[in-house]
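Novice: Taking this note's numbering, I'd label the letters of the sequence shown as residues 5 to 287.
Glycine included, each C-beta is placed from N, C-alpha and C at the ideal position.
Let me begin by handing over the structure; questions about it come next.
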Amino acid sequence: MILNYLGLTLFFHFNLLTVAPGLNGIGIKDINIQTILQTIIALALAYGFLISVKFLSKWLSERVPLRFRAAAKQSEPFLQALILLTSTIYILSLFLQLSTENLLAITGTVAVALGFAFKDYVSSLIAGVVALFEIPYRVGDRVQIGENYGEIITYDLRGIRLQTVEDNLIFIPHNKIWNEPISNANNGALEAQVTTDFYLAHGVDSELVIKILHLAAYTSKYTQLKLPVSVLVEEKPWGTQYHLKSYPIVPMKIRIHQGKLGFGCGFLFHFSVTLMHEDEHFW
Numbered sequence: 005m006i007l008n009y010l011g012l013t014l015f016f017h018f019n020l021l022t023v024a025p026g027l028n029g030i031g032i033k034d035i036n037i038q039t040i041l042q043t044i045i046a047l048a049l050a051y052g053f054l055i056s057v058k059f060l061s062k063w064l065s066e067r068v069p070l071r072f073r074a075a076a077k078q079s080e081p082f083l084q085a086l087i088l089l090t091s092t093i094y095i096l097s098l099f100l101q102l103s104t105e106n107l108l109a110i111t112g113t114v115a116v117a118l119g120f121a122f123k124d125y126v127s128s129l130i131a132g133v134v135a136l137f138e139i140p141y142r143v144g145d146r147v148q149i150g151e152n153y154g155e156i157i158t159y160d161l162r163g164i165r166l167q168t169v170e171d172n173l174i175f176i177p178h179n180k181i182w183n184e185p186i187s188n189a190n191n192g193a194l195e196a197q198v199t200t201d202f203y204l205a206h207g208v209d210s211e212l213v214i215k216i217l218h219l220a221a222y223t224s225k226y227t228q229l230k231l232p233v234s235v236l237v238e239e240k241p242w243g244t245q246y247h248l249k250s251y252p253i254v255p256m257k258i259r260i261h262q263g264k265l266g267f268g269c270g271f272l273f274h275f276s277v278t279l280m281h282e283d284e285h286f287w
């Protein structure tokens, strides 16, 4: 990736010297073996730094307290962008004699050229930079973008990777933030709210159902007890839908948490129906 990026940058720089207006006074330095070696070393160091940043951010996030885990991983794209920018400017200085004004002019011209040539790619890069400041999501957040829901496990300059509850990996480019709604369940916090839906027939005792749902949530070993548990009731033409909202202790085990809630509620429903000598019209 870095070789392609820097190669394209140099290509546009050398070709735009003769066509871009207002770039007077730019000279090309003598290219010799030393210049080529310095370029190769700079590329190798930049690549090594990028790999090291990825490894260190992962290593550090696994060893710091949980509340600093997201911050450790979120620093990775900042450092990657800094390495790419620094290495690009250094390599340009090896080949071109640039003043500050000309450097800014060339950078703007190249940005426009690359923007037309790689519209979607550059849009994703720009959106990634914007997302670093607006922070619609972070590493470790559980988000829904379009139809995709999962935990953000990596944050690159071009996009993010979601790990779904089915354990699938989905790559989503950052430019989705321009026109896609983003639902963030925890927004940087360690706890993520989970909604478990239950569907019952009309005519059931709603107060009893709500009590059973609360009891199932508070007696589950996967529920974070210090955070609130709530139940929302929504009437449908075919029945009543109950939304049980709770916080699992370990956000990565959402499916286990929901499964235990379903099992616990099923047992309590059956037990309550038996005591009340009611038919199983609860289901």
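(1) Measure the alpha-carbon distance for K33 versus Y94 and round it to whole angstroms.
(2) What are the residues that DSSP puts in a beta bridge with V235?
(3) Does DSSP put V2 in a helix, in a strand, or in coil?
(4) Is A131 closer than 8 angstroms to H206 when the C-beta atoms are compared?
(5) Bridge partners of E155, per DSSP?
(6) Opposite I174 in the DSSP bridges: which residues?
(7) Measuring straight from C-alpha to C-alpha, what distance separates A193 and P252?
(8) If you drop the 5 nearest sequence neighbours on each side, which residues of the same chain put their C-beta closer than 8 angstroms to that of L289?
(9) Could you pull the start and end residues of the beta strand (DSSP E) that D201 belongs to?
(10) Of the choices V68, S79, Q42, F99, whose alpha-carbon is the least far from that of Y3?
(11) Under 8 angstroms, do Q167 and I157 count as touching if we go by C-beta distance?
(12) Using the C-alpha atoms, what's the distance from E151 back to P140?
(13) Using C-beta distances below 8 angstroms, list every residue in its chain close to S87, excluding the 5 sequence neighbours before and after it, in chain order.
(14) Any idea which residues DSSP pairs I186 with across the strands?
(15) Can you give me the start and stop residues for the alpha helix (DSSP H) that K123 sits inside?
(16) May I ask which residues mark the beginning and end of the alpha helix (DSSP H) holding L219?
Specialist: Straight from the coordinates:
(1) 14 angstroms
(2) L248
(3) Given a span of 5 to 287 for the chain in the structure shown, any question on residue 2 remains unanswerable.
(4) no
(5) R146, Q167
(6) L166
(7) 13 angstroms
(8) Any answer about residue 289 is impossible in this case: the structure gives the chain only from 5 up to 287.
(9) 198 to 204
(10) No answer is possible for residue 3: the residues shown for the chain start at 5 and end at 287.
(11) yes
(12) 17 angstroms
(13) First, the amino acid is wrong: residue 87 is Ile here, not Ser. Cβ within range, chain order: A50, F53, L54, V57.
(14) I149
(15) 123 to 138
(16) 210 to 223
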